[in-house]
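S.K.: Below is one structure. I have some questions about it.
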Amino acid sequence: MAEQLDRETLVRRHHLGVWRYLRFMGCDRSQADDLTQETFLVFLRKPFDYLGHESTSAYLRKIARFIFLEARRQTSRGNEIALDEADRVFAETAGVSDGNEYLDALRECEQTLVGKARDAVKLQYGQQRSLENIAEALDMKPNGVKTLLQRARAHLRDCIERRLR
36 MAEQLDRETL VRRHHLGVWR YLRFMGCDRS QADDLTQETF LVFLRKPFDY LGHESTSAYL
96 RKIARFIFLE ARRQTSRGNE IALDEADRVF AETAGVSDGN EYLDALRECE QTLVGKARDA
156 VKLQYGQQRS LENIAEALDM KPNGVKTLLQ RARAHLRDCI ERRLR
């Protein structure tokens, strides 16, 4: 019973990290939910020796990656080279913290955006609105919104990289 409790604790501690990893790999929210659940079903069925938080995170990401690849193969959309690169970038930027440090930096950097850039980011990512809809809301042309969002993303990327160093 103690081993099951330990695994349940591990599931609670690592659930969000696995879900974020799958989102980073390209899953939409629904698919990330499903694949995270499948990852933990595999995890609970297999023998496992706890060797610390970091090794558990890496182990769970391997399971999630395998399940993700299988799902992509079934839908014939696999691009393993891009997936390897995304896996490497996630490990470099968010690996040990399961993305918490990255998200904290993102929240801080969001505060540095001003005016239409901040509004456009909120509409695009907070409300999942289309370029046309954002353009209408901000009294801009869609191509202007596209350029504004590219610049805002570049600003956020640079800001996050500076904070994570």
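Its first residue numbered 36, the sequence shown is counted upward by one per residue in the numbering used here.
Even for Gly, the Cβ is constructed at its ideal location relative to N, Cα and C.
Please read these numbers as outputs of a predicted model, since none were measured by experiment.
(1) Tell me whether V32 is buried or exposed, calling it buried when 16 or more other Cβ atoms sit within 10 Å of its Cβ.
(2) Out of curiosity, what's the CA-to-CA distance linking R64 and R47?
(3) If you draw a straight line from the alpha carbon of P82 to that of L76, how long is it in whole angstroms?
(4) Inspect the beta-carbon positions of T71 and L57 and report whether they are closer than 8 Å.
(5) Within this structure, are the beta carbons of C144 and C62 separated by less than 8 Å?
(6) Once you ignore the five residues that flank E205 on each side, which residues in its own chain have a CB closer than 6 Å to its CB?
(7) Using the Cβ count rule (16 or more neighbours within 10 Å means buried), how would you classify V180?
(8) What residue range does the alpha helix (DSSP H) around L95 cover?
(9) May I have the straight-line CA-CA distance separating L184 from R200, to the nearest angstrom?
(10) Around the Cβ of V156, are there at least 16 other Cβ atoms within 10 angstroms (buried) or fewer (exposed)?
M.R.: Considering the structure as presented:
(1) This structure does not reach residue 32, given that the chain is present from 36 up to 200, and the question cannot be answered.
(2) As a working mapping, residue 64 is identified with position 29 in the sequence shown. As a working mapping, residue 47 is identified with position 12 in the sequence shown. Looking at the two C-alpha atoms, the distance is approximately 18 Å.
(3) Counting from one through the sequence shown, the residue named residue 82 turns up at place 47. Counting from one through the sequence shown, the residue named residue 76 turns up at place 41. Whole-angstrom Cα-Cα distance: 12 Å.
(4) Position 36 of the sequence shown, counting from 1, holds the residue named residue 71. Position 22 of the sequence shown, counting from 1, holds the residue named residue 57. Yes. Within cutoff.
(5) Within the sequence shown, the letter at position 109 stands for residue 144. Within the sequence shown, the letter at position 27 stands for residue 62. No; because the gap between Cβ atoms is not below 8 Å, this pair is not in contact.
(6) As displayed, the chain neither begins before 36 nor continues past 200, which places residue 205 out of reach and without an answer.
(7) What you label residue 180 is simply residue 145 of the sequence shown in a count that begins at 1. By the neighbour-count definition (other C-beta atoms within 10 Å, threshold 16), V180 is a buried residue.
(8) Your numbering for residue 95 matches position 60 in the sequence shown. Per DSSP, L95 belongs to the alpha helix (DSSP H) from 88-109.
(9) By 1-based counting over the sequence shown, the position of residue 184 is 149. By 1-based counting over the sequence shown, the position of residue 200 is 165. In a straight line, the C-alpha of L184 is about 24 Å away from that of R200.
(10) Start at 1 with the first residue of the sequence shown, and residue 156 comes out as number 121. It counts as buried.
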